[in-house]
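Reading through the structure tokens given below for one structure.
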Amino acid sequence: MSVIINTVNTKKDFKLFARFANKLYKGNRYYVPSMPFDDLNTFDKDKNGAFEFSEAEFYLAYKDGKLAGRVAAIVNHKANEAWGVKQVRFGWIDFIDDIEVSEALLNAVIAFGKARGMSQIVGPLGFTDFDPEGMLVEGFDRLSTMALIYNHPYYPEHLKKLGYYKETGWVEYRITIPEQLPERHIKLAALVKERYNLKVLKKTKAQIRKEKYGHKLFQLINETYCVLYGYSLLSPKQIDQYVDVYLSLVDMKMLTFIEDQKGDLIAAGITIPSLSEALQKCNGEILPFGWWHLLKAMFWKKPETLDLLLIGVRPDYQNKGVNSLLFVDLFQNYRKMGFKYAETNANLETNAKVQAMWDPFEKELHKRRWVFGKDI
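Spelled out as structure tokens, the structure:
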């Protein structure tokens, strides 16, 4: 029986779309469930600020009368203009091990892109860098993180058979948190702080809201990340969204700000306890009792691993040792809080500056992921 592709339009179908991967991977020891309510907000044109400059359609694949896959087709006009490309993105792609299904899903994305004048398909990518991106190609036997994609080993094999090539790649590291930071790092941090007259700050959630510090933070992220593959600058509406999301997750002891002598934010580190095991326990569902597992992991019985979500240093302060200030402040707290390991976010293979940040620590490169591409 041929594969049937349906466009998602109804609330019922959006719920099927949001929950498909959690059902496909249920019981998998390495997959970390997404939170369907969060995904549904991302897919909502009224709630997601990325729709100010993006178009999207969502598709479900059926074979033999059974749900067999999903994919989102996205054209981010702001990113295309910034990077001088005509790309349609495929994101939130999941499918059973049947190449007819994966091909039909990707063909739906290609048709969406061609209708809008696109000449290349790339993915997995979301609307922005803050959505899940990159298909896992190594590290299938490692626990995933909340922010990144897990997929079966057959996913990239399907893409290769269908003529897709590697567009770009990321690496991820597992960092062992030292019992005590080496004295040379502490001395370097003190030297950098004095040389550039910098201040290391902690903020309460109330201060962040009152001082609009969340907007300063994400403007810094815009400045820091704008040179990275496919990045599109966050709009004020998107920044409002992300401030709300991150403030709900962050233990403020795990967030550090650095200001210069004028009071301008020049660096920040946002980290959280790993929520991977908590999300597995509740399969991504907050109700009726999933919230308990998440709160416990965030604030009470913390896991041994934390996630290094965002580390940003303003471009004019990069290569000056400012990251040492962040790490001295954060890593001294981590051991006190009982953490043993830290998971980096995905680092571009070509971004030597970011990867060099982990050189002072015992580390293991344990995952790789690719964005695939194809001319259409």
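Its first residue numbered 210, the sequence shown is counted upward by one per residue in the numbering used here. Where is the CB? At the ideal position from N, CA and C, for every residue including glycine.
1) With a Cβ-Cβ cutoff of 8 Å, do Glu342 and Thr553 count as a contact?
2) Kindly indicate if chain C contains any beta-carbon less than 8 Å away from that of Gly439.
3) Please confirm if the region 349-356 is in contact with the region 301-308, defined as three or more CB-CB distances below 8 Å between the two stretches.
4) What is the residue span of the beta strand (DSSP E) that Gln296 lies within?
5) Taking the runs of the alpha helix (DSSP H) that are 4 residues or longer, which of them lie wholly in the region 443-506?
6) Please report the straight-line C-alpha distance between Lys471 and Val310, rounded to a whole angstrom.
7) Is there at least one non-hydrogen atom of the ligand COA closer than 7 Å to the beta-carbon of Asn250?
8) Do Asp473 and Leu407 have their beta-carbon atoms positioned less than 8 Å apart in this structure?
9) In terms of residues, what are the limits of the beta strand (DSSP E) holding Arg279?
10) By a C-beta neighbour count over all protein chains shown, 10 Å radius and 16 as the cutoff for buried, is Asp273 buried or exposed?
11) Evaluate the contact criterion for the region 212-228 versus the region 255-272: three or more CB pairs, one atom per stretch, below 8 Å.
12) Under a Cβ-count criterion, where at least 16 other Cβ atoms within 10 Å of its own Cβ denotes burial, should Tyr364 be classed as buried or exposed?
13) List the whole-angstrom C-beta distance separating Ser441 from Ala291, where the pair is believed to meet the contact cut-off of C-beta under 8 Å.
14) What alpha helix (DSSP H) runs, 4 residues minimum, are completely inside the region 360-421?
15) Could you tell me the alpha carbon to alpha carbon distance between Lys232 and Gly493, rounded to whole angstroms?
16) List the endpoints of the continuous alpha helix (DSSP H) containing Asn250.
17) Just the C-alpha distance for Val401 and Lys510, rounded to the nearest angstrom, thanks.
18) Taking the C-alpha atoms as reference points, what is the distance between Asn215 and Lys295?
19) In terms of alpha-carbon separation, which member of Gly236, Val212 and Thr251 lies closest to Phe226?
20) Bridge partners for Trp579 per DSSP, in chain order?
21) To the nearest angstrom, report how far apart Asn431 and Lys287 are at their CA atoms.
22) Suppose the cutoff is 8 Å on Cβ atoms and the five residues either side in sequence are ignored; what does the same chain contact list for Lys462 look like?
23) Would you mind working out which of Phe229, Ile386, Arg298 and Gln564 sits nearest Lys275, comparing C-alpha positions?
24) Take Phe339 as the anchor and find which of Val217, Leu539 and Asn257 has the nearest alpha-carbon.
25) Using beta-carbon positions only, say whether Tyr526 and Thr385 come within less than 8 Å of one another.
26) Would you say the region 573-585 touches the region 360-380, given that touching needs at least three Cβ pairs under 8 Å?
27) Check the DSSP bridge columns for Leu269 and list the partner residues they point to.
28) Hey, quick one: how far does the alpha helix (DSSP H) through Ile319 stretch, first residue to last?
29) Count the other CB atoms within 10 Å of the CB of Val454; is the residue buried (16 or more) or exposed (fewer)?
30) Going along the chain, which residues of its own chain have a beta-carbon closer than 7 Å to the beta-carbon of Ala555, five neighbours each way excluded?
The relevant details are as follows:
1) No, they are not a contact pair.
2) The structure shown contains no chain C; it holds only a single protein chain.
3) Too few Cβ pairs lie closer than 8 Å, so no.
4) First-last of the beta strand (DSSP E) with Gln296: Gln296 to Phe304.
5) Within the region 443-506, the complete alpha helix (DSSP H) runs of at least 4 residues are 445-458, 485-491 and 499-504.
6) Their Cα atoms are separated by approximately 56 Å.
7) Judged by which ligands are present, the structure shown has none, so any question about the ligand COA falls away.
8) The answer is no: Cβ separation not under 8 Å.
9) Note, Arg279: beta strand (DSSP E), Lys275 to Asn285.
10) Its Cβ having fewer than 16 others within 10 Å, Asp273 is exposed.
11) Cβ pair count under 8 Å is three or more, so yes.
12) By the Cβ neighbour-count rule, Tyr364 is buried, with 16 or more other Cβ atoms within 10 Å of its own.
13) Yes, they are in contact, since the Cβ atoms of Ser441 and Ala291 sit about 6 Å apart, within 8 Å.
14) The DSSP assignment places 363-370, 392-404 and 414-419 as complete runs of the alpha helix (DSSP H) inside the region 360-421, in order along the chain (cut-off: 4 residues).
15) Cα to Cα, the separation comes out at about 11 Å.
16) Unbroken alpha helix (DSSP H) run through Asn250: Pro245 to Phe252.
17) Inter-residue distance for Val401 and Lys510 is about 35 Å (C-alpha atoms, whole angstroms).
18) Distance between Asn215 and Lys295, taken at the CA atoms: about 25 Å.
19) The residue with the shortest Cα to Cα distance from Phe226 is Thr251.
20) Per DSSP, the beta bridge partners of Trp579 are Met344 and Gly378.
21) One C-alpha to the other measures close to 14 Å.
22) Excluding five sequence positions before and after Lys462, the CB atoms of its chain that fall closer than 8 Å to its own CB belong to Lys411, Asn542 and Met546, given in chain order.
23) Out of Phe229, Ile386, Arg298 and Gln564, Phe229 has the C-alpha closest to the C-alpha of Lys275.
24) Closest by alpha carbon: Asn257.
25) Contact: no.
26) Yes: at least three Cβ pairs fall under 8 Å.
27) Paired residues: Asn215 and Arg279.
28) Its alpha helix (DSSP H) spans residues Ile308 to Lys323.
29) Exposed is the call here.
30) Excluding residues up to 5 positions away in sequence, Gly343, Leu357, Trp379, Glu381 and Arg578 lie with their Cβ nearer than 7 Å to the Cβ of Ala555 in the same chain.
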